[in-house]
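A.B. asks: Respectively, the protein sequence lines represent chains G and S. Yeah, the first sequence ends on 251 if you go by this note's numbering, and it's all consecutive. Yeah, the second sequence ends on 251 if you go by this note's numbering, and it's all consecutive. Even for Gly, the Cβ is constructed at its ideal location relative to N, Cα and C.
Number of protein chains: 2
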Amino acid sequence: MRLAELSERSGVSTATIKYYLREGLLQPDHRVTATQAEYGEEHLRRLRLVRALIRIGKVPVAVAREAIAAADDPSLSHHLRLGAATRALPREPEPAEDDAATRAARGSVDALMEQLGWHGMHDEPSPALGTHVTSVAALVRLGYPCDTAHLLPYGRIAADLAVAELDPMEEQSTAAGQVEAAVVLTVPYEPVLLSLRRPAHLQESARRFGIHRPLSDGVPSGPVLSVMARARLYG
Amino acid sequence: MRLAELSERSGVSTATIKYYLREGLLQPDHRVTATQAEYGEEHLRRLRLVRALIRIGKVPVAVAREAIAAADDPSLSHHLRLGAATRALPREPEPAEDDAATRAARGSVDALMEQLGWHGMHDEPSPALGTHVTSVAALVRLGYPCDTAHLLPYGRIAADLAVAELDPMEEQSTAAGQVEAAVVLTVPYEPVLLSLRRPAHLQESARRFGIHRPLSDGVPSGPVLSVMARARLYG
DNA sequence: CGCTGTTGGATACTGCCACTATCCATACTT
DNA sequence: AAGTATGGATAGTGGCAGTATCCAACAGCG
Numbered sequence: 017m018r019l020a021e022l023s024e025r026s027g028v029s030t031a032t033i034k035y036y037l038r039e040g041l042l043q044p045d046h047r048v049t050a051t052q053a054e055y056g057e058e059h060l061r062r063l064r065l066v067r068a069l070i071r072i073g074k075v076p077v078a079v080a081r082e083a084i085a086a087a088d089d090p091s092l093s094h095h096l097r098l099g100a101a102t103r104a105l106p107r108e109p110e111p112a113e114d115d116a117a118t119r120a121a122r123g124s125v126d127a128l129m130e131q132l133g134w135h136g137m138h139d140e141p142s143p144a145l146g147t148h149v150t151s152v153a154a155l156v157r158l159g160y161p162c163d164t165a166h167l168l169p170y171g172r173i174a175a176d177l178a179v180a181e182l183d184p185m186e187e188q189s190t191a192a193g194q195v196e197a198a199v200v201l202t203v204p205y206e207p208v209l210l211s212l213r214r215p216a217h218l219q220e221s222a223r224r225f226g227i228h229r230p231l232s233d234g235v236p237s238g239p240v241l242s243v244m245a246r247a248r249l250y251g
Numbered sequence: 017m018r019l020a021e022l023s024e025r026s027g028v029s030t031a032t033i034k035y036y037l038r039e040g041l042l043q044p045d046h047r048v049t050a051t052q053a054e055y056g057e058e059h060l061r062r063l064r065l066v067r068a069l070i071r072i073g074k075v076p077v078a079v080a081r082e083a084i085a086a087a088d089d090p091s092l093s094h095h096l097r098l099g100a101a102t103r104a105l106p107r108e109p110e111p112a113e114d115d116a117a118t119r120a121a122r123g124s125v126d127a128l129m130e131q132l133g134w135h136g137m138h139d140e141p142s143p144a145l146g147t148h149v150t151s152v153a154a155l156v157r158l159g160y161p162c163d164t165a166h167l168l169p170y171g172r173i174a175a176d177l178a179v180a181e182l183d184p185m186e187e188q189s190t191a192a193g194q195v196e197a198a199v200v201l202t203v204p205y206e207p208v209l210l211s212l213r214r215p216a217h218l219q220e221s222a223r224r225f226g227i228h229r230p231l232s233d234g235v236p237s238g239p240v241l242s243v244m245a246r247a248r249l250y251g
């Protein structure tokens, strides 16, 4: 397969493919025939993964490169590749500054881990948990208090999510397939969940307040979402 | 409160505040005293909301403006303001093109709605559901099949999430508070959930495979995440 | 063999976006 | 009166994901 065909089959312009090659997102070891190159199915798969990360997952090119490089690193065992690839994936910067908001957030999150019974999260500085602290701290800093009580439902739901999501990763039979599944599940599936959340809000609102409930004007004391509001809210 | 104080209390530079005023993200009706202006607490609250949307929620300025404008529109009842504000919030473009991937995605999502027992989603074109179709179609197009079976766990979890999230919105006593809560819950809380997902993966992996399970090299047939992999994966 | 058209590679440019910097005349403060 | 802050306007910055252009070296064809 030549560049033009790879472009056509992937829907990515040749210029962009060249850009990805330059940036090290695609294996550049395409068998060169003098000054020509040949691409295989694995290039197509890789290109799809890169596009999923960048376009769907909104991952910066540099981060995608790190993840891809880790997934490719032949010096790592399969297990290590899997972990390194996922670990490179996007995260907020670590909560470096030690301001009041960060401390408050860390306190809430620590208590949350306790209440969820998640152990082993404090053994070493955890980038994943650090990202969470950063998110919570940002909200706190803006005056939206995120205490453990607010966080707890999210924690329980994240746990359910993890149960559901580890299955498809395990189902992959090949090493490359597992690494790819881990990466795809970690990032490009995020919009799938988030875009289901709003219809779910609508549905739950209907369940609580009933479709046929009459409108009341002024400041509501009871249902927040009226029929009309729901209609406007979610179309 | 003058510009400098608003800047100091919000942590936003005066230049950026001016920019937001220009862009219509802040009420420009600040009581002008000749050529001076006075800002009140509501400007500070608004500024925090804007920052939460833009910095945490990664919402484009233009979209934030729409949501804010709807939340402010005095010609709308409280209910309508609430809905309009939330509705304006970020979404993928509607699935305009009618290609194979989009049709497949729509089919999967329709079946999903059926299986979840979510009704009333087809009465009118729903932006919220359209966004979801777009997300799924993008994955399908890249060769990651998202059939109803894959989607179902996400749907159930989104439903749980909605149950947990409608409570805090209802708890708000003032109209403005409810509108703000709706907006904040819809977007700036997204990172809170997403950043809890990875620690949850780690935790679930530990639960399944045990912390002390020995490493095996080569392609694993059983547990995907070994101890080392987990350590690398989540730090 | 020579011709046409494509290839990979290098370099420079574009467009978008969220700010940011600079000026300025005015008006408030002391 | 002197010094400073303000709002408004305009233009510039920096980052990032691509895109456009050129080029010499081929490959396939008659």
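When DSSP labels each residue in this structure, what does V48 of chain S get in the three-state scheme?
C.D. replies: Start at 1 with the first residue of the second sequence, and residue 48 of chain S comes out as number 32. Of the three classes helix, strand and coil, the one that applies to V48 of chain S here is strand, per DSSP.
A.B. asks: At least one CB of chain S closer than 8 angstroms to the CB of Q219 of chain G: is that the case?
C.D. replies: By 1-based counting over the first sequence, the position of residue 219 of chain G is 203. Answer yes: the Cβ-Cβ gap between Q219 of chain G and chain S drops below 8 angstroms somewhere.
A.B. asks: Assign A121 of chain G to buried or exposed, taking buried as 16 or more other Cβ atoms, counted over all protein chains shown, within 10 Å of its Cβ.
C.D. replies: Residue numbering aside, residue 121 of chain G sits at position 105 when the first sequence is read from its first letter. When all chains shown are included, A121 of chain G counts as buried.
A.B. asks: Around the Cβ of S93 of chain G, are there at least 16 other Cβ atoms within 10 angstroms (buried) or fewer (exposed)?
C.D. replies: Position 77 of the first sequence, counted from the first residue, corresponds to residue 93 of chain G. The residue is buried, with at least 16 neighbouring Cβ atoms inside 10 Å.
A.B. asks: Taking only beta-carbon atoms, is M137 of chain G less than 8 angstroms away from chain S?
C.D. replies: Locating residue 137 of chain G in the first sequence gives position 121, where the first residue counts as 1. Yes, because at least one Cβ of chain S sits closer than 8 angstroms to the Cβ of M137 of chain G.
A.B. asks: Determine the closest residue to L145 of chain G out of G:E113, G:L155, G:E108 and G:P161, with distance taken between C-alpha atoms.
C.D. replies: Translated into positions along the first sequence, residue 145 of chain G becomes position 129. When only C-alpha atoms are compared, the closest one is G:E108.
A.B. asks: For D115 of chain G, which residues in the same chain have their Cβ closer than 6 angstroms to its Cβ, ignoring the five residues on either side in sequence?
C.D. replies: Your numbering for residue 115 of chain G matches position 99 in the first sequence. Cβ within range, chain order: n/a, list empty.
A.B. asks: When the Cα atoms are used, what is the spatial distance from P76 of chain G to I70 of chain G?
C.D. replies: Here the question's residue 76 of chain G lines up with position 60 in the first sequence. Here the question's residue 70 of chain G lines up with position 54 in the first sequence. Approximately 6 angstroms between the Cα atoms of the pair.
A.B. asks: For L37 of chain G, collect the residues of the same chain with a Cβ closer than 7 angstroms to its Cβ; drop the 5 residues on either side in sequence, then sort them by chain order.
C.D. replies: The residue given as residue 37 of chain G occupies position 21 in the first sequence. Excluding sequence neighbours, L37 of chain G sits near P44.
A.B. asks: Any heavy atom of the ligand GDP closer than 7 angstroms to the CB of R223 of chain S?
C.D. replies: Because no ligand of any kind appears in the structure shown, any question about the ligand GDP cannot be addressed here.
A.B. asks: With P169 of chain G and A180 of chain S assumed to form a contact (beta carbons below 8 angstroms), what rounded beta-carbon distance in angstroms separates them?
C.D. replies: Here residue 169 of chain G refers to the residue found at position 153 when the first sequence is read from its first residue. Here residue 180 of chain S refers to the residue found at position 164 when the second sequence is read from its first residue. Confirmed, Cβ separation roughly 4 angstroms.
A.B. asks: In its own chain, which residues sit with a C-beta less than 6 angstroms from the C-beta of G40 of chain G, not counting the 5 before and 5 after it?
C.D. replies: Position 24 of the first sequence holds residue 40 of chain G. Around G40 of chain G: R81.
A.B. asks: Quick one: measure Cβ to Cβ for A87 of chain S and V199 of chain S, integer angstroms, because I've assumed they're closer than 8 angstroms.
C.D. replies: Taking the first residue of the second sequence as 1, we reach residue 87 of chain S at position 71. Taking the first residue of the second sequence as 1, we reach residue 199 of chain S at position 183. Yes, A87 of chain S and V199 of chain S are in contact; Cβ-Cβ is about 7 angstroms, under 8 angstroms.
A.B. asks: Which value, in whole angstroms, describes the spacing of the CA atoms of L128 of chain G and P143 of chain G?
C.D. replies: The residue labelled residue 128 of chain G in the question sits at position 112 within the first sequence. The residue labelled residue 143 of chain G in the question sits at position 127 within the first sequence. Approximately 17 angstroms, taken between the alpha carbons.
A.B. asks: Alpha carbon to alpha carbon, how far is A154 of chain G from T32 of chain S?
C.D. replies: By one-based count along the first sequence, residue 154 of chain G stands at place 138. By one-based count along the second sequence, residue 32 of chain S stands at place 16. So the two alpha carbons sit approximately 18 angstroms from each other.
A.B. asks: Between the alpha carbons of S124 of chain S and L22 of chain S, how many angstroms are there, rounded?
C.D. replies: Within the second sequence, residue 124 of chain S is the residue found at index 108, counting from 1. Within the second sequence, residue 22 of chain S is the residue found at index 6, counting from 1. About 49 angstroms.
A.B. asks: Taking only beta-carbon atoms, is S211 of chain G less than 8 angstroms away from chain S?
C.D. replies: Numbered from its first residue, the first sequence carries residue 211 of chain G at position 195. Yes - at least one Cβ of chain S is within 8 angstroms of the one on S211 of chain G.
A.B. asks: The alpha helix (DSSP H) with R25 of chain S in it runs from where to where?
C.D. replies: As a first step, residue 25 of chain S must be located in the second sequence, where it is residue number 9. R25 of chain S -> alpha helix (DSSP H) spans L19 to S26.
A.B. asks: Just confirm the distance between the C-beta atoms of L210 of chain G and P184 of chain G, as a whole number of angstroms; I'd bet it's less than 8 angstroms.
C.D. replies: As a first step, residue 210 of chain G is located in the first sequence; it is residue number 194 there, counting from the start. As a first step, residue 184 of chain G is located in the first sequence; it is residue number 168 there, counting from the start. The Cβ separation is near 18 angstroms, so there is no contact.
A.B. asks: By the 10 Å Cβ neighbour count, where 16 or more other Cβ atoms means buried, how is T30 of chain G classified, buried or exposed?
C.D. replies: Taking the first sequence and counting its residues from 1, the one referred to as residue 30 of chain G is at position 14. Classification of T30 of chain G: exposed, given that the 10 Å Cβ count is below 16.
A.B. asks: Answer yes or no: does any C-beta atom of chain S fall closer than 8 angstroms to that of G234 of chain G?
C.D. replies: For the purposes of this step, residue 234 of chain G is identified with residue 218 of the first sequence, where counting begins at 1. Per-residue confidence for G234 of chain G stands at a pLDDT of 41, beneath the threshold of 50, marking its modelled position as unreliable; the derived number appears in the next sentence. Judged by the 8 angstroms Cβ criterion, G234 of chain G is in contact with chain S.
A.B. asks: For chain S, find out if any of its Cβ atoms is closer than 8 angstroms to the Cβ of T32 of chain G; answer yes or no.
C.D. replies: In the first sequence, counting from the first residue as 1, residue 32 of chain G sits at position 16. No, T32 of chain G lies away from the interface with chain S (no Cβ there is under 8 angstroms from its Cβ).
A.B. asks: Please classify A31 of chain S: does DSSP put it in a helix, a strand, or coil?
C.D. replies: To locate residue 31 of chain S, count along the second sequence from 1; it is residue 15. Reduced to three states, the DSSP call for A31 of chain S is helix.
A.B. asks: R223 of chain S by DSSP, collapsed to three states: which one?
C.D. replies: As a working mapping, residue 223 of chain S is identified with position 207 in the second sequence. Helix at R223 of chain S.
A.B. asks: Considering only the beta carbon of each residue, do E220 of chain S and A175 of chain G sit closer than 8 angstroms?
C.D. replies: Position 204 of the second sequence, counted from the first residue, corresponds to residue 220 of chain S. Position 159 of the first sequence, counted from the first residue, corresponds to residue 175 of chain G. In contact: E220 of chain S and A175 of chain G (Cβ atoms closer than 8 angstroms).
A.B. asks: Taking just the CA atoms, how far does R47 of chain G sit from I173 of chain G?
C.D. replies: One-based indexing of the first sequence puts residue 173 of chain G at position 157. One-based indexing of the first sequence puts residue 47 of chain G at position 31. Their Cα atoms are separated by approximately 47 angstroms.
A.B. asks: Taking Cβ positions, are L65 of chain S and R25 of chain S nearer each other than 8 angstroms?
C.D. replies: Taking the second sequence and counting its residues from 1, the one referred to as residue 65 of chain S is at position 49. Taking the second sequence and counting its residues from 1, the one referred to as residue 25 of chain S is at position 9. Not in contact: L65 of chain S and R25 of chain S (Cβ atoms no closer than 8 angstroms).
A.B. asks: Is T147 of chain G close to chain S? Criterion is C-beta to C-beta, closer than 8 angstroms.
C.D. replies: Here residue 147 of chain G refers to the residue found at position 131 when the first sequence is read from its first residue. Yes, its Cβ sits closer than 8 angstroms to a Cβ of chain S.
A.B. asks: Please classify G27 of chain S as buried or exposed, where buried requires at least 16 other C-beta atoms within 10 Å of its C-beta.
C.D. replies: Reading the second sequence from its first residue, position 11 is the one you call residue 27 of chain S. Label assigned to G27 of chain S: exposed.
A.B. asks: Quick check on A83 of chain G - is its C-beta less than 8 angstroms from some C-beta in chain S?
C.D. replies: For the purposes of this step, residue 83 of chain G is taken as residue 67 along the first sequence, with counting starting at 1. So, not an interface residue.
A.B. asks: Enumerated in chain order, which unbroken segments of the alpha helix (DSSP H) with a length of 4 residues or greater are wholly contained in the region 96 to 146 of chain G?
C.D. replies: You should have 116 to 132.
A.B. asks: Taking the alpha helix (DSSP H) that P184 of chain S falls in, what are its first and last residues?
C.D. replies: Counting from 1 along the second sequence, the entry for residue 184 of chain S is found at position 168. From DSSP, the alpha helix (DSSP H) with P184 of chain S extends over T164 to E187.
A.B. asks: So, for A68 of chain G: in the same chain, excluding its five sequence neighbours on each side, which residues have a beta-carbon less than 7 angstroms away from its beta-carbon?
C.D. replies: Working through the first sequence from its first residue, we reach residue 68 of chain G at position 52. Only V200 and P204 meet the Cβ criterion.
A.B. asks: From what residue to what residue does the alpha helix (DSSP H) around T202 of chain S run?
C.D. replies: Stepping through the second sequence from its first residue, residue 202 of chain S is reached at position 186. Per DSSP, T202 of chain S belongs to the alpha helix (DSSP H) from A191 to T202.
A.B. asks: Return the residue from the list S:A222, S:L63 and S:L19 that minimises the CA-CA distance to Q52 of chain S.
C.D. replies: Reading the second sequence from its first residue, position 36 is the one you call residue 52 of chain S. Cα-wise, what sits closest to Q52 of chain S is S:L19.
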